[in-house]
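A.B. asks:
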Amino acid sequence: MTEQRFHERRRRDRRKRLLRWAGGLGAVVLVGVLVWLVWFSHVLGVRDVEVEGTRTLGVKQVRSVADVRPGTPLARLDTAAVEARVAGLPAVERVEVRRSWPRTVRVEVTERTAVAWTRVDGDVRALDRFGIDYRTLRQPPRGLVEVSTSATDPRQRQLAVVAAAAVVARLEKDDPDLLKAVRAVEAPSRDAVTLRLSRDRTVTWGSAAKPEQKLKVLRALLRIRARGYDVSAPEQPTTRQ
1 MTEQRFHERR RRDRRKRLLR WAGGLGAVVL VGVLVWLVWF SHVLGVRDVE VEGTRTLGVK
61 QVRSVADVRP GTPLARLDTA AVEARVAGLP AVERVEVRRS WPRTVRVEVT ERTAVAWTRV
121 DGDVRALDRF GIDYRTLRQP PRGLVEVSTS ATDPRQRQLA VVAAAAVVAR LEKDDPDLLK
181 AVRAVEAPSR DAVTLRLSRD RTVTWGSAAK PEQKLKVLRA LLRIRARGYD VSAPEQPTTR
241 Q
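Numbering follows UniProt numbering, with no gaps: position 128 of the sequence shown is 128.
1. Just to confirm the assignment, what range does the alpha helix (DSSP H) spanning glutamate 172 have?
2. Closer than 6 angstroms by C-beta to alanine 160: which residues in its own chain qualify, once you throw out the five before and the five after it? Chain order, please.
3. Buried or exposed for threonine 194, going by 16 or more other Cβ atoms inside 10 Å?
4. Give me whichever residues DSSP pairs with serine 148 in a beta bridge.
5. Determine the direct distance from the alpha carbon of arginine 183 to that of arginine 227, and round the result to whole angstroms.
6. Taking DSSP's pairing of strands, which residues face glycine 206 in a bridge?
7. What does a CB cutoff of less than 7 angstroms around isoleucine 224 pick up in its chain, not counting 5 residues either side in sequence?
8. Judging by CA-CA distance, which residue of Ala114, Glu212, Val107 and Ala75 is the nearest neighbour of serine 64?
9. Could you pull out every residue in the same chain whose Cβ sits closer than 8 angstroms to the Cβ of glutamate 52, ignoring the five residues on either side in sequence?
10. Is alanine 81 buried or exposed, if buried means 16 or more other CB atoms sit within 10 Å of its CB?
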């Protein structure tokens, strides 16, 4: 190899090293810029908060509780914290918060649906399928049954209401025609749910366990003229004249 060719080769190698170094530096700078844009700048900051799924709640109310500050970098938004704040609204059963790039936050709300009502300190309160009383009503709603309990201990009272609401929700789902015949639901305890039917008939349902089996047995028993039907032990149902 001549001296001239040797020097040319060294220059080529030097240029390659410089290009690699420049390329690496450029990549680092680009990554840094992207990190800054996404995590720290307001370029991809929150501009809009869209609320979906509300029925009784106001969109402004949900936005206020969500407390998503405009300009917050979308990537740094704590969606779990936003969900926790919105879930604190009594009427909210479930909430999901999602980022919608480049600058939008979507809050999807599923509100509780009343399956019955109950009285709490004289107020008429809506009950959802989980037995949670979540809203005060002006008057008993048409088409919904009253759930009552004689339990005085707060814990036992709640357990009784939860069991009664679960029974009502099951009837609403699997046999709405039968539910129309229910005039009231009483639950002295969670293991003693009783349905008051039309024509002065009574169904001793018992606990909320085995709902499918109990409902199947009850449908058969209702073909018999009786004043009382007991399906609390569905393997050994009874009737009372």
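From the three backbone atoms N, C-alpha and C, an ideal C-beta is built for every residue, glycine too.
C.D. replies: Short version:
1. 154-174
2. Closer than 6 angstroms at the Cβ level, and outside the excluded window around alanine 160, lie Thr149, Ala151, Ala187, Ser189 and Arg190.
3. buried
4. Glu186
5. 14 angstroms
6. DSSP output for glycine 206 lists Val193 as bridge partner(s).
7. Thr239
8. Val107
9. Around glutamate 52: Arg106, Val107, Glu108 and Val109.
10. Exposed, since its Cβ has fewer than 16 Cβ neighbours within 10 Å.
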